[in-house]
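Under UniProt numbering, think of the first position of the sequence shown as 1, with each following residue one higher. Okay, so here's the structure we're looking at.
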Amino acid sequence: MDSIDRKILAELQRDGRLSLTELAERVNLSLSPCHRRVRALEQSGAITGYRANLDPTKMGFNFVAIVFATLKEGDKKAVSAFEAAVEEIPQIVLAQRLFGDPDYLMHVVTRDLSAFQKLYDDKLSAMPGVQHLRSTLVMKTVVQDRPFPLETLKQG
């Protein structure tokens, strides 16, 4: 990945709706080479998709919790079963497997505390292999969906 690819990615992170013509102008390329580079970045997996960023509160998700899960067992079968269960719960908008304890960190959105309690009691606590769950409430989101700092990758 060279400096032009990083410029393309930086511009697309800022505005994924840029036309190829606008993008080419911003990175000082003609249209065809810019299009080839974008296609190559998509095919390589550097660009994984395009989407709109939504304000959770405008959608009715006024409650955000971080839930930490520790599994009873760490074998492949237990991990696969737990991760399959996580994928089936749409209110889990981010799930990450961690090194150490706890095993997982999950961001959960619901409309309010009572909806979270119901989700916790009915689904989260019933996920396979869970030894224990711990939750904390998000008071304020300070940074969300920040673009990757591509300028820090410059070859020196």
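We treat Cβ as the ideally placed atom computed from N, Cα and C, and that holds for glycine. Note that the structure is a prediction, hence the values are computed from the model and not measured.
DSSP beta-bridge partners for residue i?
i           : result
residue 63  : 110
residue 70  : 132
residue 105 : 68, 96
residue 137 : 65
From which residue to which residue does the beta strand (DSSP E) around residue i run?
i          : result
residue 92 : 92–97
With a cut-off of 8 Å on the beta carbons, I'd call residue i and residue j a contact; round off their distance for me.
i           : j           : result
residue 63  : residue 127 : The pair is not a contact, with the Cβ atoms about 19 Å apart (cut-off 8 Å).
residue 8   : residue 27  : 5 Å
residue 11  : residue 18  : 6 Å
residue 66  : residue 114 : About 18 Å separates the two Cβ atoms, so there is no contact after all.
residue 121 : residue 71  : That pair is no contact at about 19 Å.
residue 148 : residue 43  : With 8 Å as the limit, residue 148 and residue 43 do not qualify as a contact, their Cβ atoms being about 19 Å apart.
residue 95  : residue 109 : 12 Å between Cβ atoms; not a contact.
residue 105 : residue 68  : 6 Å
residue 100 : residue 50  : Incorrect: roughly 34 Å between the Cβ atoms, too far for contact.
residue 129 : residue 78  : 4 Å
residue 154 : residue 3   : 7 Å
How far does the alpha helix (DSSP H) with residue i in it extend, from its first residue to its last?
i           : result
residue 126 : Neither: residue 126 is in no alpha helix (DSSP H) and is coded neither H nor E.
residue 87  : 76–87
Who are the Cβ neighbours of residue i in its own chain at under 8 Å, not counting the five residues just before and after it?
i           : result
residue 23  : 8, 11, 12, 34, 38
residue 112 : 62, 63
residue 98  : 104, 105
residue 31  : 20, 21, 24
So, at 6 Å on beta carbons, what are the nonlocal neighbours of residue i in its own chain, with the 5 sequence-adjacent residues on each side left out?
i         : result
residue 6 : 150
Spatial neighbours of residue i within its chain, please: C-beta separation below 7 Å, excluding the five flanking residues on both sides.
i           : result
residue 89  : 123
residue 214 : Lying outside 1 to 156, the shown extent of the chain, residue 214 is not represented and no answer is given.
Which runs of the beta strand (DSSP E), 3 residues or longer, sit entirely within the UniProt domain "HTH asnC-type" (1–62)?
Those beta strand (DSSP E) runs which fall completely within the UniProt domain "HTH asnC-type" (1–62) and span 3+ residues do not exist here.
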